[in-house]
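Visitor: Okay, handing you the structure first.
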Amino acid sequence: MGLTKQYLRYVPSAVFGLIGSQKGNIVFVTLRGEKGRYVAVPACEHVFIWDLRKGEKILILQGLKQEVTCLCPSPDGLHLAVGYEDGSIRIFSLLSGEGNITFNGHKAAVTSLKYDQLGGRLASGSKDTDVIIWDVINESGLYRLKGHKDAVTHALFLRERNLLVTSGKDTMVKWWDLDNQHCFKTMVGHRTEVWGLVLVSEEKRLITGAADSELRAWDIAYLQEIDDPEEPEPKKIKECPRTQDTPEAEDGALEADEVSEEDRILSCRKAGSIMREGRDRVVSLAVDKTGRILACHGNDSVLEVFCILSKAEVQKKMDKKLKKARKKAKLNTDSGEEDPETSVSMTLQDEIHRVANIKTSSKIKSFDLIHSPQGELKAVFLLQNNLVELYSLNASLPTPQPIRTSRITIGGHRSDVRTLSFSSDNIAMLSAAADSVKIWNRSTLQCIRTMPCEYALCSFFVPGDRQVVIGTKTGNLQLFDLASGNLLETVAAHDGALWSMSLSPDQRGFVTGGADKTVKFWDFELVTDKNSTQKRLSVKHTRTLQLDEDVLCVSYSPNQKLLAVSLLDCTVKVFYVDTLKFFLSLYGHKLPVICMDISHDGALIATGSADRNVKIWGLDFGDCHRSLFAHDDSVMHLRFVPKSHLFFTAGKDRKIKQWDADKFEHIQTLEGHHQEIWCLAVSPSGDYVVSASHDKSLRLWERTREPLILEEEREMQREAEYEESVAKEDQPAVPGETQGDSYFAGKKTIETVKAAERIMEAIELYREETAKIKEHRAICRAAGKEVPLPVNPILMAYGNISPSAYVLEVIKGVKSSELEEALLVLPFSYVPDILSLLNEFIQMGTDIELLCRCLFFLLRIHFGQITSNQMLVPVIEKLKETTISKVRQVQDVIGFNMAGLDYLKRECEAKSEVTFFAEATGLLEEKKRKRRNRRKMILTLT
Numbered sequence: 001m002g003l004t005k006q007y008l009r010y011v012p013s014a015v016f017g018l019i020g021s022q023k024g025n026i027v028f029v030t031l032r033g034e035k036g037r038y039v040a041v042p043a044c045e046h047v048f049i050w051d052l053r054k055g056e057k058i059l060i061l062q063g064l065k066q067e068v069t070c071l072c073p074s075p076d077g078l079h080l081a082v083g084y085e086d087g088s089i090r091i092f093s094l095l096s097g098e099g100n101i102t103f104n105g106h107k108a109a110v111t112s113l114k115y116d117q118l119g120g121r122l123a124s125g126s127k128d129t130d131v132i133i134w135d136v137i138n139e140s141g142l143y144r145l146k147g148h149k150d151a152v153t154h155a156l157f158l159r160e161r162n163l164l165v166t167s168g169k170d171t172m173v174k175w176w177d178l179d180n181q182h183c184f185k186t187m188v189g190h191r192t193e194v195w196g197l198v199l200v201s202e203e204k205r206l207i208t209g210a211a212d213s214e215l216r217a218w219d220i221a222y223l224q225e226i227d228d229p230e231e232p233e234p235k236k237i238k239e240c241p242r243t244q245d246t247p248e249a250e251d252g253a254l255e256a257d258e259v260s261e262e263d264r265i266l267s268c269r270k271a272g273s274i275m276r277e278g279r280d281r282v283v284s285l286a287v288d289k290t291g292r293i294l295a296c297h298g299n300d301s302v303l304e305v306f307c308i309l310s311k312a313e314v315q316k317k318m319d320k321k322l323k324k325a326r327k328k329a330k331l332n333t334d335s336g337e338e339d340p341e342t343s344v345s346m347t348l349q350d351e352i353h354r355v356a357n358i359k360t361s362s363k364i365k366s367f368d369l370i371h372s373p374q375g376e377l378k379a380v381f382l383l384q385n386n387l388v389e390l391y392s393l394n395a396s397l398p399t400p401q402p403i404r405t406s407r408i409t410i411g412g413h414r415s416d417v418r419t420l421s422f423s424s425d426n427i428a429m430l431s432a433a434a435d436s437v438k439i440w441n442r443s444t445l446q447c448i449r450t451m452p453c454e455y456a457l458c459s460f461f462v463p464g465d466r467q468v469v470i471g472t473k474t475g476n477l478q479l480f481d482l483a484s485g486n487l488l489e490t491v492a493a494h495d496g497a498l499w500s501m502s503l504s505p506d507q508r509g510f511v512t513g514g515a516d517k518t519v520k521f522w523d524f525e526l527v528t529d530k531n532s533t534q535k536r537l538s539v540k541h542t543r544t545l546q547l548d549e550d551v552l553c554v555s556y557s558p559n560q561k562l563l564a565v566s567l568l569d570c571t572v573k574v575f576y577v578d579t580l581k582f583f584l585s586l587y588g589h590k591l592p593v594i595c596m597d598i599s600h601d602g603a604l605i606a607t608g609s610a611d612r613n614v615k616i617w618g619l620d621f622g623d624c625h626r627s628l629f630a631h632d633d634s635v636m637h638l639r640f641v642p643k644s645h646l647f648f649t650a651g652k653d654r655k656i657k658q659w660d661a662d663k664f665e666h667i668q669t670l671e672g673h674h675q676e677i678w679c680l681a682v683s684p685s686g687d688y689v690v691s692a693s694h695d696k697s698l699r700l701w702e703r704t705r706e707p708l709i710l711e712e713e714r715e716m717q718r719e720a721e722y723e724e725s726v727a728k729e730d731q732p733a734v735p736g737e738t739q740g741d742s743y744f745a746g747k748k749t750i751e752t753v754k755a756a757e758r759i760m761e762a763i764e765l766y767r768e769e770t771a772k773i774k775e776h777r778a779i780c781r782a783a784g785k786e787v788p789l790p791v792n793p794i795l796m797a798y799g800n801i802s803p804s805a806y807v808l809e810v811i812k813g814v815k816s817s818e819l820e821e822a823l824l825v826l827p828f829s830y831v832p833d834i835l836s837l838l839n840e841f842i843q844m845g846t847d848i849e850l851l852c853r854c855l856f857f858l859l860r861i862h863f864g865q866i867t868s869n870q871m872l873v874p875v876i877e878k879l880k881e882t883t884i885s886k887v888r889q890v891q892d893v894i895g896f897n898m899a900g901l902d903y904l905k906r907e908c909e910a911k912s913e914v915t916f917f918a919e920a921t922g923l924l925e926e927k928k929r930k931r932r933n934r935r936k937m938i939l940t941l942t
């Protein structure tokens, strides 16, 4: 074995038991050409794609570590943008499931993502108050919009104009002109956080949802730049749909009487309010793609659905109203003549009317809508209790009734899992929560049985793996038969919660400990029911051990001679099983011992406590071998790996740790859960560990054959910490910029630092190689003959390319989204070399867009130093000439290609028109022929 003890590494194998996590939003996605069938749901760090019809998970978009906070499908339906807790954004292909593009720009969680109409740009809002516009095609950040004072809640592109509207928790709604990247209008008509906003009625109206029960509507009038600036403001906005004077002072803050700079592009006037039934804040507000259906919900389980009427429908409604008013006026007048003053005013309620309320089975966390051309509305909900529901509603009916068409429930529990167990053959896993017990197949991760139960706290498989026993919060024991899924028996075992059970090593019985200060011993027995001849399993109470404190945990020693009992007074008492006499007391923990386990040979007992410590004791004399500070919060569960002195602990600090009880060393940490971990189970073979957490996920960890060397593990940990600290260093990017402000859309990460290092190494290699080539030429001249030149192995690996070509390859190898940040990190000493190389590359005429991007960025950030350096003047002059000519060439090529594509488009359209007319005339001829035949038939019959 050698001097160092060898351990084997455990790695994450799967995440299951989770349907959707709460932090992100649910969205419909188009897969295989089908709309309204598939949904994307955040699942901790991954995204699951569910088939609503079959209730199956069909695709997993693999995340890294951070939780998903926001989802947005692209307009073409081929991609899904995913925002994460750390501010990064990844764009996944829904065809392959791979995330090829990563954007790093935000310092905090992404709260909003929105594509523009064509899907070329992506707007992201974050808790760091910034909005960043990303170029999806070029895979780079365009610019950062700063102005909000709190988290951004929503961002929307306008279809027709190059404008963006954003809302934030700072009560502001801001309008941005994206041509010059500045905020030209701030709406201050809200008194509370603005949680959502939508544009309706062909972008002539904005509807906002805040922290009260009111949805505010604002009329938008777009003003033309070409209007006479001398013309007074009231004249300009006469065409505005409805500029009513709002008497309310709080919402009338937007009224402007004189011409202001901000009203040059558009003006906003409050049109009124729609009252919601919910009294709390708007959690989400959305409109479907057609812009006809508006829906919103609060912190409850009701979605309120409204319909936005078209101009023709509103006119029809108003005509009816007017007719009714005239009729009423006619009846009221005594003389019987028509009242000329009869008129009706149009209110917001005439344009937006309530359709129905959809009541779901639990609190709504997020929803998405699809409105089909037939008038059917599909609404999918991600609920608080790990559930996805789909409802359909026909909005065209007079009294539409929502119908629940499908729900995804099998794949997870409604509440947190509090107990886990493995079957003796390592194949089945049991998880139990407040309402149900589920049996999972370990290899396929499919749920094969769901059985309703009381609030479960502890469990185990009965020897033979045909039945399971559950201990509940009410103190009952529940026996379930796995083959039928039936509850065999419920036995009242304790007067308080049944906190712990331990199966006896001879497998003939078990012991239970409860909050009623007793430990009870039970034996398995076969009984025959009155109405059946077959025997079934039951349990028989044999003995009781009365104690002075509540029992939190019980554990048998492997030889069945001793029983360890953890009590509420922070001690662990050890008793003899046969006589129930006291043997040892293990005291030293400051808070109660929540979990404990005895090693396979009965030599050691490890105890985990709420005081965050794990203590390892000898079971022969009860001496404490070592106390380990294990977790940053309570230790919730502890289990020895079978046939070893290694054990796992799970803590409320979201970590699982493996320890060596002989050497008292921390071996490895398994990170993955995003909330506190409640329990874990180790398989009888020791190859698998399963854990359950408050994030509703179950995670399976698998033992590999890869050896784990502790020194290497510590080194890797240090490296990871260093990389994290490098990425967090906040140096000003632009001279004169305040600390923490970021001028560019990107963010410094370890990837950008490594990319910059690669560029620096390439330039250093270029310098060395050019110097070598000069030396070589001098040697050749002196010798009067050609001397062989030694080739650099790196250049040889790239196919004997020149040093300058190698620099270009390295620059091309940097990810598009990381290019600016990598160039930003480069010291100025490398810039002159890069500029002269860029001149050389541009003259060659390849990769002009990339080279120009690098060139303009370097000129922008090093402008002062470049202009003050006399040596660089000729280089810049040359660059000016070559760049202009080459860019013009590229422009011409693109222009030619565009013209060619336009020509092809016209040809295709002309062809399709010809075929359309040919089909139409063919149909007409067919109709005429049928009519003639019918006439002939009638004539012959008569």
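Start counting the sequence shown at 1; every next residue gets the next number (full-length UniProt numbering).
Built from N, CA and C at the ideal position, the CB exists for glycine as well.
Treat the numbers as computed from the prediction; the structure is a model and nothing was measured.
1. DSSP on THR360, reduced to helix/strand/coil?
2. For VAL39, write down the residues that DSSP places opposite it in a beta bridge.
3. Should HIS182 go down as buried or exposed, given a rule of 16 or more other Cβ atoms within 10 Å for buried?
4. Secondary structure at GLN675, three-state DSSP: helix, strand or coil?
5. With 16 as the cutoff for other CB atoms within 10 Å, does LEU113 come out buried or exposed?
6. Leaving out five residues before and five after PRO463 in sequence, what residues of the same chain have Cβ atoms less than 6 Å from its Cβ?
7. Quick one: what does DSSP say SER273 is sitting in, helix, strand or coil?
8. On a CA-only basis, which of LEU382, VAL914, THR192 and LYS936 is nearest MET172? Give me that one, please.
9. Distance cutoff 8 Å, beta carbons only. Does SER817 sit that close to anything in chain C?
10. Can you give the Cα-Cα distance for ALA379 and VAL283, rounded to whole angstroms?
11. Taking contact to mean at least 3 C-beta pairs separated by less than 8 Å, is the region 153-171 in contact with the region 184-202?
12. Taking C-alpha atoms, which residue in ARG279, THR347 and CYS296 lies nearest to ALA286?
13. For the beta strand (DSSP E) that contains PRO803, what are its first and last residues?
14. Express the C-alpha separation of GLN66 and HIS46 in angstroms, rounding to a whole number.
15. Quick one: give me the first and last residue of the beta strand (DSSP E) that ASP425 is part of.
16. Given a cut-off of 8 Å on the beta-carbon distance, is the pair PHE306 and ARG264 in contact?
17. When you compare each of GLY746, GLU85 and MET760 to ILE834 by their alpha carbons, which one comes out closest?
18. If you measure between the beta carbons of ASP425 and PRO452, is that distance less than 8 Å?
19. Please state whether DSSP places SER829 in a helix, a strand or coil.
20. In terms of residue numbering, what span does the beta strand (DSSP E) encompassing ASP135 cover?
21. Within the chosen definition, does the region 529-538 reach the region 500-517 through at least 3 CB pairs nearer than 8 Å?
22. Where does ASP741 fall in DSSP's three states?
23. Pull the bridge partners of ARG699 from the DSSP assignment, please.
24. For MET275, count the other beta carbons within 10 Å of its own beta carbon; 16 or more makes it buried, fewer makes it exposed. Which is it?
25. Just mark PHE103 as buried or exposed, buried being the case when its beta carbon has 16 or more other beta carbons within 10 Å.
26. Would ASP920 be called buried (16 or more neighbouring beta carbons within 10 Å of its own) or exposed?
27. Would you mind reading off the limits of the beta strand (DSSP E) that contains GLN478?
28. Using 8 Å for Cβ pairs, my map puts THR649 next to HIS631. What's the rounded Cβ distance?
29. State whether the region 813-829 contacts the region 745-761, with contact taken as three or more CB pairs (one from each stretch) at a distance under 8 Å.
30. Please tell me whether LEU8 and GLU706 are closer than 8 Å, where the distance is taken between their beta carbons.
31. Between the alpha carbons of LYS517 and TRP440, how many angstroms are there, rounded?
32. In this structure, does DSSP put ASP653 in helix, strand or coil?
33. Would you list the residues sitting across from LYS438 in a DSSP beta bridge?
34. With a Cβ-Cβ cutoff of 8 Å, do ILE866 and VAL807 count as a contact?
35. Compute the Euclidean distance between the alpha carbons of CYS679 and ALA456, then round it to the nearest angstrom.
36. Which residue spans inside the region 547-583 form an unbroken beta strand (DSSP E) run of at least 3?
Guide: Considering the structure as presented:
1. Here the question's residue 360 lines up with position 360 in the sequence shown. If DSSP states are grouped into helix, strand and coil, THR360 belongs with coil.
2. Here residue 39 is taken as the residue at index 39 of the sequence shown, counted from 1. Per DSSP, PHE28 and TRP50.
3. Taking the first residue of the sequence shown as 1, we reach residue 182 at position 182. Its Cβ having fewer than 16 others within 10 Å, HIS182 is exposed.
4. Numbered from 1 along the sequence shown, position 675 holds the residue referred to as residue 675. Coil at GLN675, not helix or strand.
5. Residue numbering aside, residue 113 sits at position 113 when the sequence shown is read from its first letter. It counts as buried.
6. Indexing the sequence shown from 1 puts residue 463 at position 463. Taken in chain order, the residues that qualify are GLN507.
7. As a working mapping, residue 273 is identified with position 273 in the sequence shown. If DSSP states are grouped into helix, strand and coil, SER273 belongs with the strands.
8. Mapped onto the sequence shown, residue 172 falls at position 172. Looking at the Cα atoms, THR192 is the closest of the given residues.
9. Absent from the structure is chain C; it holds one protein chain and no more.
10. Position 379 of the sequence shown, counted from the start, is the residue given in the question as residue 379. Position 283 of the sequence shown, counted from the start, is the residue given in the question as residue 283. Each residue's Cα considered, the two are about 16 Å apart.
11. yes
12. Residue 286 sits at position 286 when you count from the first residue of the sequence shown. Per the Cα distances, CYS296.
13. Working through the sequence shown from its first residue, we reach residue 803 at position 803. It is not in any beta strand (DSSP E) - PRO803 instead sits in the alpha helix (DSSP H) that spans 803-813.
14. Within the sequence shown, residue 46 is the residue found at index 46, counting from 1. Within the sequence shown, residue 66 is the residue found at index 66, counting from 1. Roughly 9 Å between the two C-alpha positions.
15. As a position in the sequence shown, residue 425 is number 425, starting the count at 1. ASP425 -> no beta strand (DSSP E), and no H or E assigned at all.
16. Mapped onto the sequence shown, residue 306 falls at position 306. Mapped onto the sequence shown, residue 264 falls at position 264. Contact: no.
17. On the sequence shown, residue 834 is found 834 positions in, with the first residue counted as 1. Among GLY746, GLU85 and MET760, the Cα nearest to that of ILE834 belongs to MET760.
18. Position 425 of the sequence shown, counted from the first residue, corresponds to residue 425. Position 452 of the sequence shown, counted from the first residue, corresponds to residue 452. Their beta carbons are not under 8 Å apart, which means ASP425 does not touch PRO452 by this criterion.
19. Position 829 of the sequence shown, counted from the start, is the residue given in the question as residue 829. Looking at SER829 - three-state DSSP - the assignment turns out to be helix.
20. Taking the sequence shown and counting its residues from 1, the one referred to as residue 135 is at position 135. Where ASP135 is concerned, the enclosing beta strand (DSSP E) stretches over 131-135.
21. no
22. Reading the sequence shown from its first residue, position 741 is the one you call residue 741. Bear in mind that a pLDDT of 48 at ASP741, under 50, signals an unreliable position, so the number given afterwards is only what the model happens to contain. Looking at ASP741 - three-state DSSP - the assignment turns out to be coil, as it is neither helix nor strand.
23. Here the question's residue 699 lines up with position 699 in the sequence shown. Answer by DSSP bridge pairing, in chain order: VAL15 and SER691.
24. Counting from one through the sequence shown, the residue named residue 275 turns up at place 275. Label assigned to MET275: exposed.
25. Within the sequence shown, numbered from 1, the residue matching residue 103 stands at position 103. Counting Cβ neighbours within 10 Å, PHE103 comes out buried, since at least 16 surround it.
26. Within the sequence shown, numbered from 1, the residue matching residue 920 stands at position 920. Here residue 920 turns out to be Ala, not Asp, going by the sequence shown. Exposed, because fewer than 16 other Cβ atoms sit within 10 Å of the Cβ of ALA920.
27. Translated into the one-based positions of the sequence shown, residue 478 becomes position 478. Residues 476-481.
28. What you label residue 649 is simply residue 649 of the sequence shown in a count that begins at 1. What you label residue 631 is simply residue 631 of the sequence shown in a count that begins at 1. Indeed they touch by this definition, with Cβ atoms about 7 Å apart.
29. yes
30. Working through the sequence shown from its first residue, we reach residue 8 at position 8. Working through the sequence shown from its first residue, we reach residue 706 at position 706. A contact, by the Cβ cut-off of 8 Å.
31. Here residue 517 refers to the residue found at position 517 of the sequence shown. Here residue 440 refers to the residue found at position 440 of the sequence shown. Their Cα atoms are separated by approximately 34 Å.
32. Indexing the sequence shown from 1 puts residue 653 at position 653. ASP653: coil per DSSP, three-state reduction.
33. For this step, residue 438 is matched to residue 438 along the sequence shown. DSSP lists SER431 and THR450 as partners of LYS438.
34. Along the sequence shown, one-based indexing puts residue 866 at 866. Along the sequence shown, one-based indexing puts residue 807 at 807. Taking 8 Å as the Cβ cut-off, ILE866 and VAL807 do not qualify as a contacting pair.
35. To locate residue 679, count along the sequence shown from 1; it is residue 679. To locate residue 456, count along the sequence shown from 1; it is residue 456. If you take the alpha carbons of CYS679 and ALA456, they lie about 12 Å apart.
36. 551-556, 562-567 and 572-576
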